[in-house]
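Q: Each step along the sequence shown adds one to the number in our numbering, with nothing skipped, and position 155 is 174.
Where a beta carbon is used, it is the ideal one built from N, C-alpha and C, also for glycine.
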Amino acid sequence: MKQINLNKKEYDVIIVGAGFSGLYQLICLRDQLGMNCLVIETGDDVGGTWYWNRYPGARCDTESHAYSYYFSDELLKEWTWSERYPGHAEIRDYMNFVANKFDLKKDILFNHKVTSANFNQDKIYWEITTNNKTNFRSKYLITAVGCLSNANIPK
20 MKQINLNKKE
30 YDVIIVGAGF
40 SGLYQLICLR
50 DQLGMNCLVI
60 ETGDDVGGTW
70 YWNRYPGARC
80 DTESHAYSYY
90 FSDELLKEWT
100 WSERYPGHAE
110 IRDYMNFVAN
120 KFDLKKDILF
130 NHKVTSANFN
140 QDKIYWEITT
150 NNKTNFRSKY
160 LITAVGCLSN
170 ANIPK
């Protein structure tokens, strides 16, 4: 897998999160609009909530067809879900299949967590810093971290 060039600091768009939304944003912005994009992902692989939630028995309570991308007829023909309500491993397999098919990982920086994102009003761009002290700039910032990115612990 190609490594991200950490010397490159400026992008059209930075997307935070490599779950379903982050991958879809990358496909739309990079492949359909020709924008220069970087996805920053805390984990070491794609999957979003399904990367982190790997406990025994974890599965989707939504039918598998709702967990499919519909932007590509070819993709729809190439992937067949084995269950109506897929388990976490199959969902991660699907996301990796999509990431590999569309060569998405070349534009994803894994094992980096965004620790700050500030908009510079004077220069009109976002200044993004990661936990690894890596700094980036972009005209647009999309947070695709989802609603399940933090644990909800009962009080």
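Is the number of C-beta pairs between the region 23-37 and the region 94-103 that are closer than 8 angstroms three or more?
A: no
Q: Would a C-beta distance cut-off of 7 angstroms place N130 and D63 closer than the cut-off?
A: For N130 and D63, yes; Cβs fall inside 7 angstroms.
Q: Counting C-beta neighbours from all protein chains within 10 Å, is the total for P105 16 or more, i.e. buried, or is it exposed?
A: Taking all protein chains in view, the Cβ of P105 is crowded by 16 or more other Cβ atoms within 10 Å, so the residue is classified as buried.
Q: What first and last residue would you give for the beta strand (DSSP E) that runs through N115?
A: Note, N115: premise wrong, no beta strand (DSSP E); alpha helix (DSSP H) at 107-120.
Q: On the DSSP bridge list, what partners appear for T148?
A: S135, N154
Q: Just tell me which of A136, L123, T61, I110 has its CA closest to the CA of S157.
A: Here the closest residue by C-alpha is A136.
Q: Measure how close the beta-carbons of G66 and M114 come, nearest whole angstrom, since I'm counting them as under 8 angstroms.
A: 5 angstroms
Q: Does DSSP classify E102 as helix, strand or coil?
A: E102: coil per DSSP, three-state reduction.
Q: In its own chain, which residues sit with a C-beta less than 7 angstroms from the C-beta of H107, not counting the 5 before and 5 after it?
A: W69, N72, R73, A77, R78
Q: Using a Cβ-Cβ cutoff of less than 6 angstroms, which residues in the same chain neighbour I59 once the five nearest sequence positions on both sides are dropped?
A: Sequence-distant partners of I59 (beyond 5 residues in either direction) whose C-beta falls short of 6 angstroms from its own C-beta, in its chain, are V35, L128, H131, V133.
Q: Taking the straight line between their C-alpha atoms, what separation do you get for Y88 and Y30?
A: 25 angstroms
Q: Quick check on Y23: does DSSP put it in helix, strand or coil?
A: One detail in the question is off: residue 23 reads as Ile in this sequence, not Tyr. In the structure shown, I23 sits in coil (DSSP, three-state: anything other than H, G, I, E or B).
Q: Find out if the Cβ-Cβ distance for the pair I33, L48 is shorter than 7 angstroms.
A: no
Q: By the three-class DSSP mapping on this structure, what secondary structure does E93 have?
A: helix
Q: From the DSSP output, which residues share a beta bridge with V65?
A: DSSP output for V65 lists no bridge partner at all.
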